[in-house]
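Residue numbers (my numbering): 797 to 1306.
Where a beta carbon is used, it is the ideal one built from N, C-alpha and C, also for glycine.
These numbers were taken from a predicted model, which means no experiment stands behind them.
Read through the structure below, which is laid out as structure tokens, and then see the notes.
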Ligand code: GDG
């Protein structure tokens, strides 16, 4: 294995899937990647008897969610192993391949057979870490013992990964997000021949001090994360907050020099790696010959006139995405500018999420009720302003829908990055759709030209939306050109290349 990384790529070169797999081989040779995420990147579909006769019916579907889709595409370039919790039937391991992709990977599907472990783990992750790291303390719902279940579930991930590492000798391990903060802590001691490079990416915000303080086990979480060689955050703000937490919580245990933490004889690189999308893929899906037909058909089926303007929002139905704030904004817009009544609509693609968790169920019910009320208030001659579809829409339809939309409304009250914002821009080549981006989304940090909104200020946001909708096309498309350059340069492959290079460096310096 070479001991130092190659020089950084020239600035004008756009990173590509092939570039990532070439770099991976250069750094880690023929050894496979091992990825771990909470959720499976694909869902296995049981074929109906009818479909069973048609071998072309796809067996795999893609769930909504930002973490796994890009990694899924990468592993179809490089091959490798992936460990995640099982959420559908089908074999274990599952061989994941696509006809047009050069490689395939093995998905190893973990079942938490003890219901207590499963419940406590999910509760600690989704009802304690998620709300507190999104600075929503009012939504915490936890019970004593949940942390031990969380630790136990993380150790089960580590068990499976340790046996894979033993047989496959994987060259690089990449663990993801707040559900798996303690995996590496269990993994290291299990590896008799030493650990390969370990990287971790934290997809959600790292909160301000006063919110972190509400997590009793915060020092344990920080220690767990320091078990990696590289630790990545979405923005420099989250990265710096983490470094401050490490200094404060671990005191003399750590020594911190800029972005390097010295801890227990190891050096850990802590960096910011704003995650991107594959803009080329969204652009070509949006501009495919069948794209506009699919999108128009979809709109008609949703009861919308494809010729009328609409704003689009695409998010899992999660309280951090600001569904209720969005309705307030729309209300303010209609009150200030009643001319929009009867024409401008909001299309919300809102796949339900975590539906077994009581705080989600009640939030989702409140959203439905608020939509009904808004629609009743602003209805005109059979026209209603808000169309909500609680379903997952395939990217082949979603991309041309983005393209057709007059604007995209991202109203997160707190969001690690927000990939929908970048996907929307990817489809706006030579088009004038406006991205209205919450200033509380990580994406606002890199997309400096974007039209920023404050979801806590519905009146101000309504004014911003109205002004942008009135702008000449040249202004809107000029802004989109600059934003698209940004997301093309910092695409998902560049994100992966930076992480590969810097993990390799950190491991060698270790
Ligand atoms: C976490 C962080 C961070 C949505 N609906 C459908 C669908 N989606 C896809 C979108 C997009 C993804 O789900 C959502 O990604 P986001 O980034 O917007 O949000 P989270 O799921 O909360 O993701 C977030 C992200 O991790 C990555 O680091 O940006 O801050 O919270 O890709 O296209 N996909 C399909 N049908 C849908 O109906 N196929």
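{"Check": "Alpha carbon to alpha carbon, how far is residue 955 from residue 986? Give it in angstroms, no decimals.", "Outcome": "8 Å"}
{"Check": "Whole-angstrom Cβ separation of residue 1025 and residue 1291, contact assumed at under 8 Å?", "Outcome": "No, residue 1025 and residue 1291 are not in contact; Cβ-Cβ is about 17 Å, not under 8 Å."}
{"Check": "Using the Cβ count rule (16 or more neighbours within 10 Å means buried), how would you classify residue 1117?", "Outcome": "buried"}
{"Check": "Going by the beta-carbon positions, is the gap between residue 1034 and residue 1294 smaller than 7 Å?", "Outcome": "no"}
{"Check": "Residue 1055: which of 1042, 1046 and 1166 sits nearest, CA to CA?", "Outcome": "1042"}
{"Check": "Kindly give me the distance between the Cβ atoms of residue 823 and residue 1300, rounded to whole angstroms, as I take these residues to be in contact under 8 Å.", "Outcome": "5 Å"}
{"Check": "With a 10 Å radius around its C-beta and 16 neighbouring C-beta atoms as the bar for buried, classify residue 1121 as buried or exposed.", "Outcome": "buried"}
{"Check": "Considering only their Cβ atoms, is the gap separating residue 1199 from residue 1228 smaller than 7 Å?", "Outcome": "no"}
{"Check": "May I ask you to list the residues that DSSP assigns as paired with residue 1259?", "Outcome": "None, per the DSSP bridge assignment."}
{"Check": "Identify the continuous beta strand (DSSP E) that holds residue 1209 and give its terminal residues.", "Outcome": "Element bounds for residue 1209: n/a, residue is neither H nor E."}
{"Check": "Any heavy atom of the ligand GDG closer than 6 Å to the CB of residue 1214?", "Outcome": "yes"}
{"Check": "Kindly list the residues whose CB is nearer than 7 Å to the CB of residue 894, restricted to its own chain and excluding five residues on each side of it in sequence; keep chain order.", "Outcome": "872"}
{"Check": "Extract the residue ranges of the beta strand (DSSP E) inside the stretch 1136–1223, only unbroken runs of 3 or more that lie entirely within it.", "Outcome": "1141–1145, 1182–1185 and 1203–1206"}
{"Check": "Can you give the beta carbon distance from residue 1027 to residue 996, rounded, assuming they're within the 8 Å contact cut?", "Outcome": "5 Å"}
{"Check": "What alpha helix (DSSP H) runs, 4 residues minimum, are completely inside the stretch 1083–1125?", "Outcome": "1087–1097"}
{"Check": "In chain order, what are the residue ranges of uninterrupted alpha helix (DSSP H) at least 4 long that sit wholly in the stretch 991–1049?", "Outcome": "1005–1008, 1014–1021 and 1032–1046"}
{"Check": "Nearer than 6 Å: is that true of the beta carbon of residue 1071 relative to any heavy atom of the ligand GDG?", "Outcome": "yes"}
{"Check": "With a threshold of 16 other CB atoms inside 10 Å of the CB of residue 814, please say whether the residue is buried or exposed.", "Outcome": "exposed"}
{"Check": "Is there at least one non-hydrogen atom of the ligand GDG closer than 6 Å to the beta-carbon of residue 971?", "Outcome": "no"}
{"Check": "Please return the same chain residues whose Cβ sits closer than 6 Å to the Cβ of residue 1143, not counting the five positions on each side in sequence.", "Outcome": "1106, 1108 and 1183"}
{"Check": "Taking the continuous beta strand (DSSP E) assigned at residue 1073, which residues delimit it?", "Outcome": "From DSSP, residue 1073 is part of no beta strand (DSSP E); its letter is neither H nor E."}
{"Check": "Using the three-state DSSP reduction, which class does residue 880 fall into: helix, strand or coil?", "Outcome": "strand"}
{"Check": "For residue 939, count neighbouring C-beta atoms within 10 Å of its own C-beta (all shown protein chains included) and say buried if the count is 16 or more, exposed if not.", "Outcome": "exposed"}
{"Check": "Say yes only if the C-beta of residue 1211 is nearer than 6 Å to one or more non-hydrogen atoms of the ligand GDG, and no if none qualify.", "Outcome": "yes"}
{"Check": "Secondary structure at residue 930, three-state DSSP: helix, strand or coil?", "Outcome": "coil"}
{"Check": "Got a sec: does the ligand GDG put a non-hydrogen atom nearer than 6 Å to the Cβ of residue 1033?", "Outcome": "no"}
{"Check": "Take residue 914 and list the residues in its own chain whose beta-carbon comes closer than 6 Å to its own, dropping the five residues that flank it on each side.", "Outcome": "908"}
{"Check": "For residue 827, which three-state DSSP category applies?", "Outcome": "coil"}
{"Check": "For residue 891 and residue 900, I'd like the C-alpha separation in whole angstroms.", "Outcome": "7 Å"}
{"Check": "What span of residues does the beta strand (DSSP E) with residue 901 cover, start to end?", "Outcome": "901–906"}
{"Check": "Is residue 1058 helix, strand or coil by DSSP?", "Outcome": "strand"}
{"Check": "Looking at the unbroken beta strand (DSSP E) that takes in residue 1233, where does it start and where does it end?", "Outcome": "1230–1234"}
{"Check": "Report, in whole angstroms, the separation of the C-beta atoms of residue 992 and residue 1020, which I expect to be a contact under 8 Å.", "Outcome": "Not confirmed; about 18 Å, so no contact."}
{"Check": "Classify residue 1254 as buried or exposed, calling it buried when 16 or more other Cβ atoms lie within 10 Å of its own Cβ.", "Outcome": "buried"}
{"Check": "For residue 1119, which of 1240, 1277, 1231 and 1161 has the nearest alpha-carbon?", "Outcome": "1161"}
{"Check": "Is there contact between the stretch 1148–1160 and the stretch 1233–1246, where contact requires at least three CB pairs shorter than 8 Å?", "Outcome": "no"}
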